[in-house]
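The structure under discussion appears below in the form of structure tokens.
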Amino acid sequence: MLLRMIPIALVIVVASICLSGTNLATAEPVVVPRSAFHQYTHLAVRLARLKSWNRTPALYLLGLRRVVWPQRWANQVVITIDVTDSTCRRWPRNPRNFHCRPRFNSRQYSCKGKALVRNGLRFVRFLWTKCWRRGFCRKRNYFGYSF
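Numbered according to mature numbering (1 follows the signal peptide of the UniProt record, and there is no 0), the sequence shown spans residues -27 to -1, 1 to 120.
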């Protein structure tokens, strides 16, 4: 008798959650405002460096587009950056010697990556990354990051 009541109780609980409009599986992510983007530039540089590792020419970081902290994972952050082809063939070993500029009339890409962080914003590794084409870079004056 008790075993027959368990499935009925589960159906009642699931139906009450669905009808009440409460969705436990999806939680709203926290979007970081643009005024706090300076705290995430080291993650953007790491993502641009990772994506241009096996690529010639190297990528030039144009800017940070979006930073999102997923609600369920306190130690993961998703960042989106804008990059384009640079005038250098590879990333330098010393970032202070990075005197590259973006190539005129080159393709512009957006890259997204989920970073695992520790103790606030200390980088551990990227869990996944991907890049896609957006258009062409036609501007001559860039406000990119000087590394």
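The beta carbon of each residue, even a glycine, is placed where N, CA and C say it ideally should be. In this text the structure is predicted, and so the values were computed from the model without any measurement.
DSSP three-state assignment for residue i, whether helix, strand or coil
i: L94; result: coil
Whole-Å CB distance - residue i paired with residue j, under 8 Å assumed
i: L35; j: P75; result: 7 Å
i: P2; j: V56; result: Wrong, their Cβ atoms sit about 23 Å apart, outside the cutoff.
i: L37; j: F10; result: 5 Å
i: Q44; j: L94; result: That belief does not hold up - the Cβ atoms of Q44 and L94 are roughly 18 Å apart, past 8 Å.
i: R80; j: R106; result: 6 Å
i: V90; j: N48; result: 6 Å
From the options, residue whose alpha carbon lies closest to that of residue i
i: I54; options: V97, F99, T14; result: T14
i: L100; options: L20, H72, G108; result: L20
i: W64; options: I52, R28, G108; result: R28
i: N78; options: H72, S59, F96; result: S59
i: R7; options: I52, C104, W46; result: I52
i: C104; options: F96, C73, Y82; result: Y82
Residue i beta carbon near the ligand GTP (any heavy atom closer than 7 Å)
i: C61; result: The ligand content of the structure shown is nil, which means the ligand GTP is not present either.
* Every unbroken beta strand (DSSP E) within the stretch 12 to 89, with a cutoff of 3 residues, ordered by chain -> 32 to 42, 49 to 58
* To do: Spell out a yes or no on whether the stretch 84 to 93 and the stretch 17 to 31 are touching, meaning 3 or more CB-CB pairs, one atom from each, closer than 8 Å.
  => yes
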